[in-house]
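**Student:**
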Amino acid sequence: MGLKENLVGDPERYDYSSMCMPNNPWSTAPKKKLNFYAKDEKIPILLALVMGLQHAFAMVGGLVTPPLVVFKFSVDFMDQDLQQYAIAAALITSGICSFINIMKLPIPFTQQIFGRQMFLGSGVLSVMGTSFTFLPIYEIAIQQMKDDGIDGRDAYGKMLGTTMLCCLLELFFSVVPVRYIKRIFPPIVTAITVILIGVALIGTGMKYWGGGVVCAEMGWKEHAHITNYDPPLSFPPPFPTCANGEVELGYGSPEYIGLGFSVMVGLVFIEIFGSTFMKNCNVFLALLFGYFVAGVSSHDGYSYVDSDAIKNANPITFLWVETFPIGFYGPAVIPLLIAYLVTTVETIGDLTAVYEVSELDTEGEEYQESIQGGLTADAIGSILASLFTTLPNTTFSQNNGVIALTKCASRRAGLACGMWLVFMGVFSKIAGIITSIPDAVLGGMTIFLFANVLASGIALASTLDLHSRRVKFIMALSLAIGVGVTVWPFAFLDMRGSSYTANFWQCADCSETLKGLRNGVSIFLSTGYCVGTVAAMFLNAILPADAGVNMGHGDDEDAIVSDETNKAGQVVEDEASEVATDDVEAIKRDISDAEVNEVSA
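What follows is the structure, given as structure tokens:
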């Protein structure tokens, strides 16, 4: 094969224009079919770079959001250099972990120890990034430690150490047969968990959209007490000012709402007119559009964009430029263990979806090896992430849509994606640009990202038998608890920076051991998806299957939930993967007419 073929490939097989040209949604011309590039196909370098860039752009918005939220809101609001480092570390770590997961490396001596060869990495195009699942736990735990007088950096270091220890649970599950894991987490439990994670995250996105998380929190915290207050409360309460660049306006000002809305306008425009490439990068491109609108706009001569963040950013950075003392925080253990249970099932579902869109067989030894290797890579990736000073890394499900839309399952594209992520992280001016984006613009982007998590949970719930009284009862009670504490966690959390004063367990004079136990219970009860998931698992385990029940739809036979239907639904719950079926069906519905229905030779 010559140099040209290695670089750009055969023009008949690799058609770049059909992937990158904008789409005319009203055109009646025949749509051109895309070729399919299999898992082990050695696609040319240019195509690998283009496809890898699509994957990187598709995940970069969601990848940098958790560290940005944790460092800006929880660790140190004022330290912009620290926030830029957190973004850079997340990008570099995600690139390295993606390399590991895409490869399939045999682990020595496992044949002798476990009686079967085990692997590190899934061996398919499955990229990894910073997980949203751990974000609520990090926020609550760090805030609790800061209320106890622990510095934000030290608190973050304690969470890194605790996370690194708890990820051993996922490492244990990597050697457990998949069928047993699915029995612990059937689709009804997973659907409830994903819905609750989405609900919790959307609240954070709304706070950003109105002008910023910190001033949104301060707005109500200053008026949280309605008894024994001094000085007396004023009504309506004054809204704090939120700084976006050089502009300072009240929280929820129309200017801030408009900036966030510009991102949504960009999303809709790309969805209608965008090419395959643009649709895969819609979040990133819409964020750029909102950033552009903020850059050309001003308020009384002041800019919404903080240009100093870009000027002051170092040209190049790497891991461990900033360090945090590794420690341990016992109260976060139980919530973190639940989070790792969730990510274990998410990884199984993500890898199953990758197999489906890559047109691979989801039965047999190769599939089982990929699941085992992917779970091991997830656990090792989380250990590395803690050592690399960032939040845990898990598989990114949204990139399965990129595979489906581009019809490229080649692992070379995934390796190129990892390279792009490391490149973005090392050149920290990119992190400087991200930290200069106004909070209102970030809010318009993050609320869409977080709503996608919620939509995934709803889509998974739609695959269940929603006429079943048992299913509806489990969902109703679990969501009542989970959504309730998500919307208002302060039944179990302290208010206004006070410590151990929540009425459910006042513990100001307790011993340090009892305070730690109390904080652990507080984190668990105030994290909606933790308490909701446990409730769903418990109810699913103890409630008997439905008898034949008419759910009130008349005499229509389809409205009768029979024993056979319930038994079949239970089999589906035991055998289906966490999100694979629902993700794949959603992907198929979203694929445009321009995409291929049959695999090209």
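Here UniProt numbering is used: position 482 in the sequence shown is 482, and no number is missing along the way. Here a beta-carbon is modelled for each residue, glycine too, at the ideal position from N, C-alpha and C.
Which stretch, first to last residue, makes up the beta strand (DSSP E) that contains glutamate 248?
**Tutor:** 247-250
**Student:** Please return the same chain residues whose Cβ sits closer than 6 Å to the Cβ of residue 606, not counting the five positions on each side in sequence.
**Tutor:** There is simply no residue 606 to check, as the chain begins at 1 and stops at 601 in what is shown.
**Student:** Taking its Cβ as the centre, do 16 or more other Cβ atoms sit within 10 Å of asparagine 101, making it buried, or is it exposed?
**Tutor:** buried
**Student:** Does glutamine 111 pass the burial test, meaning 16 or more other C-beta atoms within 10 Å, or should it be called exposed?
**Tutor:** exposed
**Student:** In this structure, does DSSP put tyrosine 37 in helix, strand or coil?
**Tutor:** strand
**Student:** Would glycine 161 and proline 335 be called neighbours here (beta carbons separated by less than 9 Å)?
**Tutor:** no
**Student:** If we count the other Cβ atoms within 10 Å of its Cβ and call it buried at 16 or more, is alanine 404 buried or exposed?
**Tutor:** buried
**Student:** So, is valine 50 buried or exposed, given that buried needs 16 or more other C-beta atoms within 10 angstroms?
**Tutor:** Per the 10 Å Cβ criterion, buried.
**Student:** As a quick exercise: from Cys417, Pro106 and Leu46, pick the residue whose alpha carbon is nearest that of glycine 374.
**Tutor:** Pro106
**Student:** Quick check: the Cα distance between valine 471 and glycine 252, rounded to an integer number of angstroms?
**Tutor:** 39 Å
**Student:** So what does DSSP say about glycine 349, is it helix, strand or coil?
**Tutor:** In the three-state reduction of the DSSP assignment, glycine 349 falls in the helix class.
**Student:** Mark isoleucine 272 as exposed unless 16 or more other C-beta atoms lie within 10 angstroms of its C-beta, in which case mark it buried.
**Tutor:** Exposed, since its Cβ has fewer than 16 Cβ neighbours within 10 Å.
**Student:** Using the Cβ count rule (16 or more neighbours within 10 Å means buried), how would you classify aspartate 148?
**Tutor:** exposed
**Student:** Which ranges does the beta strand (DSSP E) cover as unbroken runs of at least 3 residues, wholly within the region 67-155, from first to last along the chain?
**Tutor:** 128-130
**Student:** The beta strand (DSSP E) with asparagine 393 in it runs from where to where?
**Tutor:** Residue range 393-395 is occupied by the beta strand (DSSP E) that includes asparagine 393.
**Student:** Could you give the DSSP three-state label for histidine 55: helix, strand or coil?
**Tutor:** helix
**Student:** In this structure, does DSSP put threonine 486 in helix, strand or coil?
**Tutor:** Helix, per DSSP.
**Student:** Within this structure, are the beta carbons of glycine 330 and glycine 516 separated by less than 9 Å?
**Tutor:** yes
**Student:** Taking Cβ positions, are aspartate 350 and serine 131 nearer each other than 9 Å?
**Tutor:** no
**Student:** Would you identify the three-state DSSP class for alanine 48, choosing helix, strand or coil?
**Tutor:** helix
**Student:** Mapping the DSSP letters down to three states, classify tyrosine 208 as helix, strand or coil.
**Tutor:** helix
**Student:** Distance check for aspartate 546 and glycine 61, CA to CA, integer angstroms please.
**Tutor:** 43 Å
**Student:** Could you please give the first and the last residue of the uninterrupted alpha helix (DSSP H) stretch that includes isoleucine 540?
**Tutor:** Per the sequence shown, residue 540 should be read as asparagine rather than isoleucine. Run containing asparagine 540: 528-542, per the alpha helix (DSSP H) assignment.
**Student:** Have a look at Lys279, Trp488 and Ala476 and flag the residue whose alpha-carbon is nearest the alpha-carbon of alanine 58.
**Tutor:** Per the Cα distances, Lys279.
**Student:** Compare the C-alpha of residue 634 against each of Tyr302, Val199 and Ser386 and name the closest.
**Tutor:** No answer is possible for residue 634: the residues shown for the chain start at 1 and end at 601.
**Student:** Under three-state DSSP, which class holds phenylalanine 235?
**Tutor:** For phenylalanine 235, the pLDDT reaches just 46, beneath the cut-off of 50, and the residue's location in the model is therefore unreliable, leaving the point undetermined.
**Student:** Can you name the residues that DSSP bridges to histidine 299?
**Tutor:** Tyr302
**Student:** Would you say tyrosine 138 and methionine 118 are within 9 Å of each other, going by their C-beta atoms?
**Tutor:** no
**Student:** Measuring straight from C-alpha to C-alpha, what distance separates valine 124 and methionine 103?
**Tutor:** 7 Å
**Student:** Please report the straight-line C-alpha distance between glycine 457 and glycine 301, rounded to a whole angstrom.
**Tutor:** Rounded to the nearest angstrom, the two C-alpha atoms are 44 Å apart.
**Student:** Are the region 470-485 and the region 182-202 in contact at 8 Å, needing three or more beta carbon pairs?
**Tutor:** yes
**Student:** Thinking just about the alpha-carbon of each residue, which of Leu319, Ile433, Ala377 and Val189 is nearest to the one in residue 602?
**Tutor:** Shown here, the chain extends from 1 to 601; a query on residue 602 therefore has no answer.
**Student:** I'd like the list of long-range same chain contacts for phenylalanine 486, defined as Cβ closer than 6 Å, with 5 residues on each side in sequence excluded.
**Tutor:** Here residue 486 is threonine; the residue named in the question, phenylalanine, does not match the sequence. Cβ contact annotation for threonine 486 (same chain, cutoff 6 Å, sequence separation greater than five): Val199, Ala200 and Gly528, in chain order.
**Student:** Classify asparagine 244 as helix, strand or coil using the three-state DSSP reduction.
**Tutor:** The answer is strand: DSSP assigns asparagine 244 an E or B state.
**Student:** Counting Cβ pairs closer than 8 Å, one from the region 414-423 and one from the region 177-191, do we hit at least three?
**Tutor:** Using a Cβ-Cβ distance cut-off of 8 Å, the region 414-423 and the region 177-191 are not in contact, since fewer than three pairs of beta carbons, one from each stretch, lie closer than that value.
**Student:** In chain order, what residues of the same chain have a beta carbon less than 8 Å from the beta carbon of threonine 323, not counting five sequence neighbours either side?
**Tutor:** The beta carbon of threonine 323 is closer than 8 Å to those of Thr389 in its chain, skipping five residues each way along the sequence.
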